[in-house]
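No gaps in the numbering here: position 162 of the sequence shown is 162 in the numbering used here, and each next residue is one more. Just so you know, even glycine gets a beta-carbon here, dropped at the ideal spot from N, CA and C.
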Amino acid sequence: METSFDIVVIGSGPGGYTAAIRSAQLGYRVAIIEKYATLGGTCTNVGCIPSKALLDSSEHFYQAMHQFQAHGIDVGPISLNFDQFMKRKREVVAQNTAGLVYLMRKNKITVFHGTGSFVDTTTLQVVSNEQNTVLKSRYFIIATGSKPSTLPGILIDKKRVITSTELLSLGQQPRKLVIIGGGVIGVELASVYARLGTEVTIIEYANSLIPLMDRELGKALARSLTRLKITILLGSRVMAATPRADKAVVTFQDQAGQQQELQADYCVVAVGRKAYTEGLKLEAIGLRVEKNGKIPVNAFLQTSVSTIYAIGDVVAGPMLAHKAEDEGSFVAEVINGQKLHLQYERIPNVVYTWPEVASVGYTEEQLNEKGIVYHLGKFPYSASARARAAMDTEGFVKVLTDPKYGEVLGVHIFGPRAADVIGQAVIAQEFELTDQGLGRISYAHPTYSEAMKDAYLQASGQGAINI
C-alpha cells in the first residue's frame, strides 16, 4: 500500500502532534506516525500528564492529613486508596489521548500506527502488525522524542530497578524508594511518594538539587523536601544499582568519599533522558547523529537533507514539552515560507513540586560568570496577603534586571502557582518590558502575582509596597 502526503510527522508527542495540526491548518495533506497504540508520546502517556495527576492527588492527600484541621475542616480517619489513586491518573491520561484522536480527525490528519523507517529522502516505510505501508512525502518532520537515560553499573530490570515510566504505574505503594537523580523528574516523583508516607531518599551527584536552575531555587527546594522527610544526599556518586527478588540494592560514594549502601523496595533511575532515533534508518538518507544521539539541525530546525526537519528532544536544547510544541508550530510555518526565529532563552522551566519552582532567563550564576552587572529584586511569599490566606507562605520571587534600561534578565520563583505566574515573566522578556514598567501596572489584589510586582519595584529602586 502506498500513499502520498505533503508532510509526514514521525512521532505523536507534543512536538509531533503540534507540528501535524499546524501543518494541517496551513492547508497541507498531513500524516502522523506513532509506534505505540495511543497518541501523545512520553508526555501524555508516561511523563508530564500522569505525573501531574499524581502530584495533584498526593498534594490533596497531604493537605487532608496535615492542613485541613487548621482550615476548620474536621474529618474522620484518613487512608489512601492506592488503586483509586492510580485509576484517576489513568483516566486523566485516557481523556488526553482521546482528545488527540479527536484533533487528528478534526484536522483531517491521517494516523498510522507502526514503526517508521526511511527508505530514501521522499519515502518512509511504516511497519505494523497488520501491514507494511509505504508513504511518499514532500517533507518529513522527525519528532521521535527521548527515552530515560541510565548510568554505568545500573541494571534497569523494570521490576526493582526502574525508571519514571514504571514508577508512575506501580501496583501498590512502596515502603521505601531510592531515587537516583535530583533533577526535575527525581524531585517531582520524590514529592509524590513522600506525601503518601513512603520513605524516600534522593541521591544526586551535583552539590545542589535541580542543578541546571538558579542555585537559590535548589537550596530552597531542598529545605522544603526535607520537611517532607525526604533524605537528600548531595555530592554522591552512584556506583551500582542491583535488582534482587524483593528489593533493590544501591551502592554509592557519599560526599566524604565513603562507600555506602541503601536497600529499598525500588530504585528509580531519574538521571535525565536521551534522544531516541532507533529504527529510523537515518543512514539511508545520509543523516548522522551526534555523540549524544541528537540530530544536527540549522536555525530553522532543518537537517542536512533540506526537506527533512527535526524537533523536540531529538535536537539540541532543553527537553521540554512546550519547547517541542513551539518547534512543531515553527517548522510547519517555516515550510510554509514564513520567516521566523525561536528564542530559546525565553523558554520557561518548571518543577511541579509544592511549592512549585519556575524560572526563565539568566540565573545569578550565569550573570556572574559572564560578568554582567544586574539589579536584584526579591519578595517573600511570607509577606503576601494571598499566600497567608491560603497557608502557602513558603518561597519567594527573585527578578534580575539590567541596571541601565531595566530590561528583565531573569526571573526565578519558588512558591505557590509559580508555574502559572512565570508566564508574565516570559511576556516581559519577549516584549522587552522594564522593571519600572512592570512595577507600575495594576495587579489584582490579593493574588500570588503581586509578589512579582514588589520584586520588580525593588529591582527598579522603588521598594515593595504590598502585603
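The alpha-carbon of Gln436 is positioned some 53 angstroms away from that of Asp265. By the C-beta criterion, the region 386 to 396 is judged not to be in contact with the region 198 to 214, since fewer than 3 inter-stretch pairs fall below 8 angstroms.
Taking a 10 Å sphere around the C-beta of Gly27, we find fewer than 16 other C-beta atoms and assign the residue as exposed.
Linking Leu103 to Phe330 through their CA atoms gives a straight-line distance of about 19 angstroms. At the C-beta level, Phe431 and Ile413 stay beyond 9 angstroms of one another. Pairing Pro243 with Val373 gives a Cβ-Cβ distance that is not under 9 angstroms. Comparing C-alpha distances from Ile142 to each of Gly15, Gly72, Leu54, Val351 shows the shortest one belongs to Gly15. Within the region 313 to 360, the alpha helix (DSSP H) runs of at least 4 residues that lie entirely inside it are, in chain order, 321 to 335.
Counting the other Cβ atoms within 10 Å of the Cβ of Pro296 gives fewer than 16, which makes it exposed. Apart from the 5 residues on each side of it in sequence, Ala222 sits with its Cβ closer than 7 angstroms to the Cβ of Leu209, Ile232 in its chain, given in chain order. With a threshold of 16 other beta carbon atoms within 10 Å, Gln263 falls short and is exposed.
Scanning its chain for C-beta atoms nearer than 8 angstroms, with the 5 sequence neighbours on each side dropped, one finds around Asp6 the residues Ser23, Tyr28, Arg29, Val30, Ser137, Arg138, Tyr139, in chain order. Look at the beta carbons and you see the region 184 to 191 not touching the region 307 to 314: under three pairs across the two are nearer than 8 angstroms. Between Gly361 and Ala459, the C-beta spacing is not below 9 angstroms.
By the C-beta density criterion, Ser306 is exposed, having fewer than 16 other C-beta atoms within 10 angstroms. The residue among Lys323, Gly293, Met391 with its C-alpha nearest the C-alpha of Pro148 is Gly293. In the structure shown, Thr303 falls within a coil segment according to DSSP collapsed to helix, strand and coil. The closest CA to that of Val271, considering only Val289, Thr163, Ser449, is found on Thr163.
Under DSSP, Phe414 takes part in a beta bridge, and its partners are Val357, Phe396.
Here the region 350 to 357 lies against the region 44 to 59, with 3 or more beta-carbon pairs under 8 angstroms apart. For Arg237, same chain residues with a beta-carbon under 7 angstroms away, outside a window of 5 residues either side, are Tyr205, Phe252, Gln253 in chain order. Assignment of Val75 by DSSP, reduced to helix, strand and coil, places it in the coil class. Straight-line measurement puts the Cα of Ala390 at about 11 angstroms from the Cα of Tyr381. The Cβ atoms of Ser12 and Gly41 sit closer than 9 angstroms to each other. In the structure shown, Ile311 adopts coil according to DSSP, grouped into three states. Sequence-distant partners of Cys267 (beyond 5 residues in either direction) whose C-beta falls short of 6 angstroms from its own C-beta, in its chain, are Val161, Val178, Ala241, Ala248, Val250. If only complete runs of 4 or more residues are kept, the region 98 to 185 shows the alpha helix (DSSP H) at 164 to 167, in order along the chain. The alpha-carbon of Arg88 is positioned some 8 angstroms away from that of Leu54. Gly377 sits in a strand when the DSSP states are folded into three classes. Nearest C-alpha to Pro50 among Leu170, Asp420, Val75, Gly72: Leu170. Between Ala451 and Gly423, the CB-CB gap reaches or exceeds 9 angstroms.
The continuous alpha helix (DSSP H) containing Glu59 extends over residues 48 to 66. The three-state reading of DSSP puts Val426 in helix, counting H, G and I together. Straight-line measurement puts the Cα of Met65 at about 36 angstroms from the Cα of Pro318. Restricting attention to Glu365, Gly197, Val350, His445, the CA atom closest to the CA of Cys48 is found in Val350.
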